[in-house]
Every structure is written in C-alpha cells, then in structure tokens.
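Input: a single structure, listed below in structure tokens.
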Amino acid sequence: MNLEVRQTKDGSTTLYVPELNEHYHSVHGALQESLHVFIKMGLEATLERLPAVRLLEVGFGTGLNALLTLQHTLASKAAVQYDTLEKYPLAPEVVAQLQFDKFILNPELLDFFGPLHAAPWEQPVAVTPHFTLRKLETDLEAFAPSPESYDLVYFDAFAPEKQPHLWTDAIFQKMYDCLAPGGTLVTYCAKGSFKRSLKTAGFTVEALPGPPGKREMTRGVKP
Numbered sequence: 036m037n038l039e040v041r042q043t044k045d046g047s048t049t050l051y052v053p054e055l056n057e058h059y060h061s062v063h064g065a066l067q068e069s070l071h072v073f074i075k076m077g078l079e080a081t082l083e084r085l086p087a088v089r090l091l092e093v094g095f096g097t098g099l100n101a102l103l104t105l106q107h108t109l110a111s112k113a114a115v116q117y118d119t120l121e122k123y124p125l126a127p128e129v130v131a132q133l134q135f136d137k138f139i140l141n142p143e144l145l146d147f148f149g150p151l152h153a154a155p156w157e158q159p160v161a162v163t164p165h166f167t168l169r170k171l172e173t174d175l176e177a178f179a180p181s182p183e184s185y186d187l188v189y190f191d192a193f194a195p196e197k198q199p200h201l202w203t204d205a206i207f208q209k210m211y212d213c214l215a216p217g218g219t220l221v222t223y224c225a226k227g228s229f230k231r232s233l234k235t236a237g238f239t240v241e242a243l244p245g246p247p248g249k250r251e252m253t254r255g256v257k258p
C-alpha cells in the first residue's frame, strides 16, 4: 500500500492510506487513542482480574499498541503473551519515518521499538521477561485461533466502512470463541451494526467514553 506519515493533534504520528482515505489511528491523537482504548479500557481492566494476559491484536500496524503494552509490563511486571496479526507489514523505511522518539519520551521504551518491528514472524520472541511477542503475517479471515486461547482482544482493524469484511457476524463469533470466559474485546468503534454483531455472538456490550475527539468506544465481555 502507498502510505503517508501524518502528525496527529497530540503530536504523535500515524499513517494515512490514500487508497482507502483512512488513517491508522485517530487524527485527534494516535497516542491518546491507544492509551485510552487499548491500555486503560482493555489491558488495565483485564489485569484487575488476572495476573497474566494472553492478548490478541487485530492489526499490528505501526506497533504503537504493542509498545504501550510493553511499557505497562515494565512498570507492573505483569506477564503478557502478545499475538498480533498483520497482513501488510510496514517496510523498514516507513518505520524509520514514524519518529516515535518525538512523542515517546521514555528512552528505555524507545529501545524496544526497533526490536518489535524487526522480530521474526510466526514465532514467539521473548522481548523482555514479561512480554512475549508473536507476529503473524496473515489476515483475520484466515486466522484460526484455538477456543478460549485469549483473555483480551485489541480489535484495531480499519473502520467498518473501509474494510466491511472484517466486521461481520462470523468474525465476531470467531473473536468470542477464542476468548476465555470473562475475556474482553476493546475497540474504538461504536457503530450500531457492530454492536449488534457482538451481541449476536454472545458478548455483553458496554458503551464507554471514547478518547479525545470521539464520544464513545466499545467493550465486549464474554460472560
């Protein structure tokens, strides 16, 4: 894909895809969005009930969610097994243009940014004693997870109107089945059709306050 690096309103960078007229993150703040939707409402909420988390991310993208999750484990010492799907890995020259050093002010954390992107695909890599990364170069439709193999899903696919095939009843049934009881799915999306798909799969749906620039986000919980 043709990609353009764009700065968002909080100073963090994202990527823009002209073919889809779509950004990888919120233009109101990529960093703020990731911290609110995935770390606060997803990871931190899950760690309130579990000492370790088996996590699936739909859309590795720039690696921002992975980096912020790793940051949390450095402080909390909670163990995270981080599996992430990405059909279109970024080229090294694109990664170099993201300039995470301009808005990630923790030098220790920046030391991990390159290794996250350079980690080999299809195999687990112990990035730290508390964070194990497994990158899978595949799309969500082809992915076949084992039942109840995850505790948390970061659903960070492009918006439903851009990639409708990733927002179907069948997809969210797959997400429901791969979560253990009590497991959660978090996403920036708050569309009614998406929430109905979650309910059809069996999720209890929560409408939560969204990140800056967005009124709501969604969390689905497997009873």
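The opening position of the sequence shown corresponds to residue 36 in my numbering, with each subsequent residue numbered one higher.
Where a beta carbon is used, it is the ideal one built from N, C-alpha and C, also for glycine.
Check                                                                                                  : Outcome
Among 50, 101, 148, 225, nearest to residue 69 - alpha-carbon criterion                                : 101
Range of the contiguous beta strand (DSSP E) that encloses residue 220                                 : 214-222
Contained alpha helix (DSSP H) runs [length at least 4] in the stretch 116-203, N- to C-terminal order : 127-132, 142-153
Contacting residues, own chain, Cβ-Cβ under 7 Å from residue 85 (five flanking each side not counted)  : 186
Cβ-Cβ distance between residue 39 and residue 193 below 8 Å                                            : no
For residue 35, three-class secondary structure by DSSP                                                : Residue 35 lies beyond the range of the chain shown here (36 to 258); nothing can be said about it.
Nearest-angstrom Cα separation, counted from residue 202 out to residue 212                            : 15 Å
Bridge partners - residue 42, DSSP secondary structure assignment                                      : 48
Limits of the unbroken beta strand (DSSP E) element including residue 253                              : 251-256
Short Cβ contact (8 Å threshold) for residue 97 with residue 173                                       : no
Rounded separation between residue 237 and residue 199 - CA only                                       : 20 Å
At least 3 beta-carbon pairs within less than 8 Å: the stretch 68-83 vs the stretch 238-249            : yes
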